[in-house]
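Peer 1:
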Amino acid sequence: MSEEAKWYVVHTYSGYENKVASNLEKTVENRQLQDLIQEICVPTETVTEIKDNKRREVERKIFPGYVIVKMVLTDESWYVVRNIRGCTGFVGPSSKPIPLTDEEVARLGVETKQVEVSYEVGDSVRIVDGPLEGFVGTVEELDTDKNCVRVTVSMFGRETPVELELDQAEPVE
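Just so we're aligned: 69 in our numbering is position 84 of the sequence shown, and the numbers increase by one with no gaps anywhere.
(1) Look up Gln153 in the DSSP assignment and say whether it is helix, strand or coil.
(2) Where does the unbroken alpha helix (DSSP H) through Lys4 begin, and where does it stop?
(3) Under 9 Å between the Cβ atoms of Lys46 and Ile25?
(4) For Ser103, collect the residues of the same chain with a Cβ closer than 8 Å to its Cβ; drop the 5 residues on either side in sequence, then sort them by chain order.
(5) On the DSSP letters alone, give me the boundaries of the alpha helix (DSSP H) that Asp60 sits inside.
(6) Could you check the C-alpha separation between Gln17 and Ala91 for me, to the nearest Å?
(7) Considering Cα atoms alone, identify which of Asn8, Glu148 and Thr123 is closest to Asp108.
(8) Specify, as a first and last residue, the run of the beta strand (DSSP E) that Leu93 falls within.
(9) In three-state DSSP terms, what is Ser139?
(10) Along the beta strand (DSSP E) that carries Arg40, what are the first and last residues, could you check?
(11) I'd like the list of long-range same chain contacts for Ser(-1), defined as Cβ closer than 8 Å, with 5 residues on each side in sequence excluded.
(12) Could you check the C-alpha separation between Ser(-13) and Arg67 for me, to the nearest Å?
(13) Consider the Cβ of Gln19: report whether some Cβ of chain D lies at a distance smaller than 9 Å.
(14) So for Ser103, helix, strand or coil by DSSP?
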């Protein structure tokens, strides 16, 4: 397989998202297609609803009527996904699937990337990207979930806190 798996959006009947996802998972398992169709996702969010003065957590679909599938696009994988009951086709011109870009996948949050950093709170780091490139500062706060680090940099004799992305700083040796 020279082609790598990409994320595609599949259109379904409204309310059938979970049914399409579970049927697709069963079909992939039965036909041994795990190398072609790798992940199936119905993006949801947890929302707090207040009804009759009662607060409760409700899981709500972010995109009703859509399922997101990570797969290698071949005739076989296209046919399998397209012929799942409740699926009306792929999103794209004339049902030709168009993969999501990396930025779209990151914004959707369907694929989480674990970021490992080689510095900790209290370490000295050099800023390697952005307007403060070349400055050296001390790590004050580290949040790998939000992909940000707060560094205190000395500018003009004053300590200034700066928010950076994790890959914009590297440890000073």
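C-beta: ideal position from N, C-alpha, C; glycine also.
Peer 2: For this structure:
(1) Per DSSP, reduced to three states, the secondary structure at Gln153 is helical.
(2) Where Lys4 is concerned, the enclosing alpha helix (DSSP H) stretches over Glu2 to Arg16.
(3) For Lys46 and Ile25, no; Cβs fall outside 9 Å.
(4) Correct list, in chain order: Glu155 and Pro156.
(5) Following the DSSP letters along the chain, one finds Asp60 inside the alpha helix (DSSP H) bounded by residues Asp60 to Arg67.
(6) When rounded, the separation of the alpha-carbon atoms in Gln17 and Ala91 is 29 Å.
(7) The option with the nearest alpha carbon to Asp108 is Thr123.
(8) No beta strand (DSSP E) contains Leu93, which is instead part of the alpha helix (DSSP H) from Asp87 to Leu93.
(9) The three-state secondary structure of Ser139, taken from DSSP, is strand.
(10) Lys39 to Lys46 is the span of the beta strand (DSSP E), which, as asked, contains Arg40.
(11) Cβ within range, chain order: Pro49 and Gly50.
(12) Interpretation of Ser(-13) is limited by its pLDDT of 44, a score under 50 that renders its predicted location unreliable; no figure is taken from the coordinates.
(13) Reference to chain D is not applicable here, since this structure consists of a single protein chain.
(14) The DSSP-derived three-state label of Ser103 is coil.
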